[in-house]
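First comes the structure, then the notes that go with it.
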Amino acid sequence: MELRKRVKLSKIEHHLGLSPDAPAKGRCRSGMVWGARRSNATQECPKGDVSLNGKSCAQSCSGVLSQWPWRRCVSMAAGLLLAGLLAVSQAWCVNAIHENLLWFSQLTEVEREISFRTECGLYYSYFKQMLQAPSIQEGLSDLIHDNLTESKRTINLLQRMNIYQEVFLSVLYRLLPIQAYLEPVYFYIYTVFSLQAVYVMALYLTAWLLSGSWLAGTLTGIWYILNRVDTTRVEFTISLRENWSLPFLALQVCTITCYLRPQLGALQQKVMVWLMYVTTFCFCLTWQFNQFILLVQALIIYTMDCVDFLTTTQVTTLYLVQVSGLLSVWLLQFCNSMILGSLVLSFIVAVLFIRHCQPALKTGSLLVRLGKLLLHSAMVLLLTFTINYLAKKALQLRSDEHIFKFIKSKFALGPTRDFDASLYLCEEAFGVLPLDTLERLAGTLLLYPYILTLLLLSGLLAVAALKNLSRPKGVGEGIAVAVRPDVAYNLLHTLFYGLLAFSTMRMKYIWTGHMCALAAYGVCGTELWTLLLNTLRCNSKLLLRLVRYAVPLAMIVCLYHKFWPKIMEELSELREFHDPDTVELMTWISTKTPKWAVFAGSMQLLAGIKLCTGRALTNHPHYEDKELRERTKQVYQVYARQSPEEVHGILKAMGADYVVLENSICYERRHRRGCRLRDLLDLANGHIMDGPGENEPDLVPASHPRFCEAIKTDTEPAYSALFTRTFQNKTFHVYRVKKKRKKGAKSSSEPSATQ
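Residue numbers (the working numbering): 518 to 1272.
See the structure below:
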């Protein structure tokens, strides 16, 4: 057998448009037109209008009529075939890398389950739980009335968490006749990897729609695969909600792009509206952060409306699609109050109301309109926060306050010692985007065309916005630059989500995928090449066609020679899962502890305990609940300087029978001083931090030693009277929480009361 490198798993954690040769019959393909009508950005080519290449629009569209139908069909078939090949290549690639990293096919069941780290294990446990249930109905009932995920609490998991995808897959696996051929875990991971194929397909079609060339889609798919480190992390975080939702977000952007295309028929518009609703619904159903992503999208729509790039009907339709998607999820999640109290719903209601109350908003001169827009925006923001405040008060909603505390702390607008905010701020994923990301993107030839496209389109968009704002209402003629609304939407999409990615690194996966599509549009589209060639005074139809095809083909050839050997080397690199301490712990829990036992410990480890052993937990990584966050902070006092009596009281109040202490947390060195978990607890408790370094003057020395260190000495009778060590290896120490011998505490210390 081939020798494989053994590595710790923890080390791993680090529309269709027509072809350019066959534009739509009777339609001008230019994205920016001199003399375009002001009333609608999607009109047919008016007689006498002049395109950017200096020829009349009629002349630039005359070649369309001469195209043969068979050429269009062949071009369409070739484009779709390439889209499918690239999509399948991405899915196969991430599956191969996942197998090579872990040697997944040779792992035991417990090792496979341990590989679902942190919250991934929690989500996968519900898929496993549904399969182990005697029937689908009983499985759903157990999820709706769950008393294992949080001890001494019965919660509705379908309301609290976005796990409908696990429910759907478990039901599908039960119904399909594949149990004898495919293990459940493979059915699960293959589905997630297949969504990567959907993601690539959506980006491919978006680039094709924008540029009119499937060559742009090909370049998009290649860039996405080559920049896999920055476009996805699915191969080692399979169950994360973003891996389920981002493909649907990309599909939604694709359908919006198609909806905003010129000359879309009435039936096609209706189809696109329904597709937008379905993709928005699927996106919202699969990720708890949907409201914040849709808020950014709503701001994009608002910006386009303010500068007249969208019609009133388009704006209202896009807003209503968002509202419909959110409310549908609200119903499926048993009236989850977080959705009704979301900022995006408050914002959309405020925008539509203020818009209705200001019918004369888009009248007057440039300065008058700018003043009205400023006043309009101020009124929208004021009404948004008023509605949101009242909604949260009425619903008594505090589940998402940790996110706003994180945002305020990140920009130094809130307290710096808040435990919940600090947990996020100290993680690299929630910091600013590191510069080495841009270096990697530049190495694949993606960054440079992206920046050039961004700058040129931003300039054209600014000019078009000023022209629109300075034109009196009702004037339909005049010299102006009209930017296609689908191009404008995608430009603002990459700008807004780019800013989000730079502020919070974890959000870069929303930006980098779309970045590939926009850069490919710049390389393969006619508009930007026409503008550049006109500037150089060397524009001609032959040269334009030559440049449009030669440059992307040259880039593809260059990328092939540069990266093909590296890809082959990466796919041939074999490693192996190696985490014997965790395997030993899970085996011991499964065989040596009662099935009704309740475990306390870190959020990440408890998710694995829930998956591998089915034991009840005191807390878990899904942080979207106020009471759960308080529980987690209390359980984490085992890593703070607290007395054994204080810790014992906390654990027994939550019904814990065992507590698991991790050396990697107690003696943590991964984070800098001030960001270690024990430091966050010391700061929250007002205690001086460990080690050399400055402390704030109001911090005081703790009156007790650190609990996770002191309990291991076995010299203090106070610890042995309350805790008994039942398991130990190099990484973990498990202690049984004894019952107090006092009569008053007897009734509250029975673990069976949680079941």
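Glycine residues also receive a C-beta, built at the ideal position from the N, C-alpha and C atoms.
Confirm, please, whether the CB-CB distance from residue j to residue i is below 8 Å.
{"i": "residue 642", "j": "residue 1135", "result": "no"}
{"i": "residue 1190", "j": "residue 1223", "result": "no"}
{"i": "residue 897", "j": "residue 867", "result": "yes"}
{"i": "residue 732", "j": "residue 1069", "result": "yes"}
{"i": "residue 1038", "j": "residue 817", "result": "no"}
{"i": "residue 1140", "j": "residue 919", "result": "yes"}
{"i": "residue 871", "j": "residue 907", "result": "no"}
{"i": "residue 1110", "j": "residue 1132", "result": "yes"}
{"i": "residue 846", "j": "residue 802", "result": "yes"}
{"i": "residue 950", "j": "residue 1025", "result": "yes"}
{"i": "residue 1008", "j": "residue 983", "result": "no"}
{"i": "residue 674", "j": "residue 644", "result": "no"}
{"i": "residue 727", "j": "residue 764", "result": "no"}
{"i": "residue 925", "j": "residue 942", "result": "no"}
{"i": "residue 1032", "j": "residue 948", "result": "no"}
{"i": "residue 921", "j": "residue 624", "result": "no"}
{"i": "residue 958", "j": "residue 744", "result": "yes"}
{"i": "residue 1150", "j": "residue 851", "result": "no"}
{"i": "residue 758", "j": "residue 679", "result": "yes"}
{"i": "residue 696", "j": "residue 777", "result": "no"}
{"i": "residue 1202", "j": "residue 1157", "result": "yes"}
Can you find the residues in the same chain that come closer than 6 Å, C-beta to C-beta, to residue i, ignoring five residues on each side of it along the sequence?
{"i": "residue 889", "result": "878"}
{"i": "residue 638", "result": "1124, 1125, 1128"}
{"i": "residue 986", "result": "883, 886"}
{"i": "residue 630", "result": "1128, 1129"}
{"i": "residue 939", "result": "1197"}
{"i": "residue 1199", "result": "1206"}
{"i": "residue 1252", "result": "1176, 1240, 1242"}
{"i": "residue 971", "result": "none"}
{"i": "residue 1152", "result": "1117, 1135, 1136"}
{"i": "residue 859", "result": "808"}
{"i": "residue 861", "result": "808, 811, 812, 815"}
{"i": "residue 612", "result": "710"}
{"i": "residue 824", "result": "982, 985"}
{"i": "residue 992", "result": "Since pLDDT at residue 992 reaches only 48, below the 50 mark, its modelled position is unreliable, and the value read off the structure follows with that caveat. Taken in chain order, the list of residues that qualify is empty."}
{"i": "residue 905", "result": "860, 863"}
Can you find the residues in the same chain that come closer than 8 Å, C-beta to C-beta, to residue i, ignoring five residues on each side of it along the sequence?
{"i": "residue 709", "result": "751, 755, 756, 760, 761"}
{"i": "residue 1017", "result": "813, 1024, 1027, 1028"}
I'd like the span of the beta strand (DSSP E) that includes residue i, first residue to last.
{"i": "residue 1175", "result": "1175-1179"}
{"i": "residue 1250", "result": "1249-1254"}
{"i": "residue 646", "result": "Run containing residue 646: none in the beta strand (DSSP E); it sits in the alpha helix (DSSP H), 636-649."}
Which residues does DSSP list as the beta-bridge partners of residue i?
{"i": "residue 980", "result": "In the DSSP output, where bridge partners are listed per residue, residue 980 has none listed."}
{"i": "residue 663", "result": "672"}
{"i": "residue 812", "result": "Answer is none; residue 812 lacks a bridge partner."}
{"i": "residue 746", "result": "Answer is none; residue 746 lacks a bridge partner."}
{"i": "residue 1204", "result": "1217"}
{"i": "residue 1134", "result": "1116"}
Just to confirm my understanding: we take residue i, look at its own chain, exclude 5 residues before and 5 after, and list those with CB closer than 7 Å. What are they?
{"i": "residue 834", "result": "790"}
{"i": "residue 769", "result": "793, 796, 797, 800"}
{"i": "residue 1254", "result": "1165, 1168, 1169, 1173, 1174, 1175, 1176, 1240"}
{"i": "residue 838", "result": "790, 793, 794, 797"}
{"i": "residue 1208", "result": "1190"}
{"i": "residue 955", "result": "964"}
{"i": "residue 944", "result": "none"}
{"i": "residue 1010", "result": "770, 817, 1031"}
Quick one: measure Cβ to Cβ for residue i and residue j, integer angstroms, because I've assumed they're closer than 8 Å.
{"i": "residue 1243", "j": "residue 1179", "result": "Rounded, the Cβ-Cβ distance is 16 Å, inconsistent with contact."}
{"i": "residue 724", "j": "residue 1034", "result": "4 Å"}
{"i": "residue 740", "j": "residue 1036", "result": "7 Å"}
{"i": "residue 914", "j": "residue 863", "result": "Wrong, their Cβ atoms sit about 12 Å apart, outside the cutoff."}
{"i": "residue 736", "j": "residue 1040", "result": "6 Å"}
{"i": "residue 1327", "j": "residue 916", "result": "A query on residue 1327 cannot be resolved here, the shown segment of the chain reaching from 518 to 1272 and no further."}
{"i": "residue 707", "j": "residue 603", "result": "In fact, because the Cβ distance is near 18 Å, the residues do not count as touching under 8 Å."}
Provide the residue span of the alpha helix (DSSP H) that contains residue i, from first to last.
{"i": "residue 1116", "result": "Unbroken run through residue 1116 is the beta strand (DSSP E), 1115-1117; no alpha helix (DSSP H)."}
{"i": "residue 1242", "result": "Residue 1242 -> not in any alpha helix (DSSP H); beta strand (DSSP E) instead, spanning 1240-1245."}
{"i": "residue 1101", "result": "1097-1109"}
{"i": "residue 1227", "result": "1224-1227"}
{"i": "residue 915", "result": "Element bounds for residue 915: n/a, residue is neither H nor E."}
{"i": "residue 489", "result": "Because the chain is modelled from 518 through 1272, residue 489 falls outside the range shown and cannot be assessed."}
{"i": "residue 626", "result": "626-631"}
{"i": "residue 862", "result": "860-874"}
{"i": "residue 780", "result": "Counting along the chain, residue 780 falls outside any alpha helix (DSSP H), and DSSP gives it neither H nor E."}
{"i": "residue 954", "result": "952-960"}
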